[in-house]
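K.L.:
In the working numbering, the protein residues as written are 83 to 183.
(1) Work out the CA separation of residue 181 and residue 132 for me, nearest whole Å.
(2) By Cβ distance, which residues of its chain are closer than 7 Å to residue 121, with the 5 residues on each side in sequence left out?
(3) What whole-angstrom Cβ distance do residue 160 and residue 145 have, given they're in contact under 8 Å?
(4) Could you spell out where the alpha helix (DSSP H) holding residue 125 opens and where it closes?
(5) Tell me, please, which residues DSSP counts as bridged to residue 137.
(6) Can you list, in chain order, the residues of its chain with a C-beta nearer than 8 Å to that of residue 26? Leave out the 5 residues immediately preceding and following it.
(7) Which residue's Cα is closest to the Cα of residue 162: 143, 150 and 168?
(8) Take the Cβ of residue 164 as the centre, count every other Cβ of all protein chains shown within 10 Å, and call the residue buried at 16 or more, exposed below.
(9) Using the Cα positions of residue 151 and residue 183, report the straight-line distance between them to the nearest angstrom.
(10) Alpha carbon to alpha carbon, how far is residue 109 from residue 153? Give it in angstroms, no decimals.
Here is the structure:
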């Protein structure tokens, strides 16, 4: 998670899990918090008119994936949805609001 406005474990209505449980689940899931979106070093992930979600050189998304105890998944080294191939290219429209259908 990166660049969040609100802390992921902040209680809002009294029915949320405890902070300790959130932190345990977060850590057990091999997750990492980043202060800023730019810390992820993604090429152009937040410009909806020209999205390119690919990790740049030095991005923490290039490694750290963990598939321990999981079956049915392709084992990869990258974290998140993108490694070296932009699988959305050619079929997904990132700029739907400005597209004439």
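Glycine residues also receive a C-beta, built at the ideal position from the N, C-alpha and C atoms.
P.N.:
Quick look at the numbers:
(1) 13 Å
(2) 84
(3) 7 Å
(4) Here residue 125 belongs to no alpha helix (DSSP H); instead the beta strand (DSSP E) covers 124-126.
(5) 124
(6) Residue 26 cannot be examined here, being either before or after the span of the chain that is shown, 83 to 183.
(7) 143
(8) buried
(9) 44 Å
(10) 20 Å
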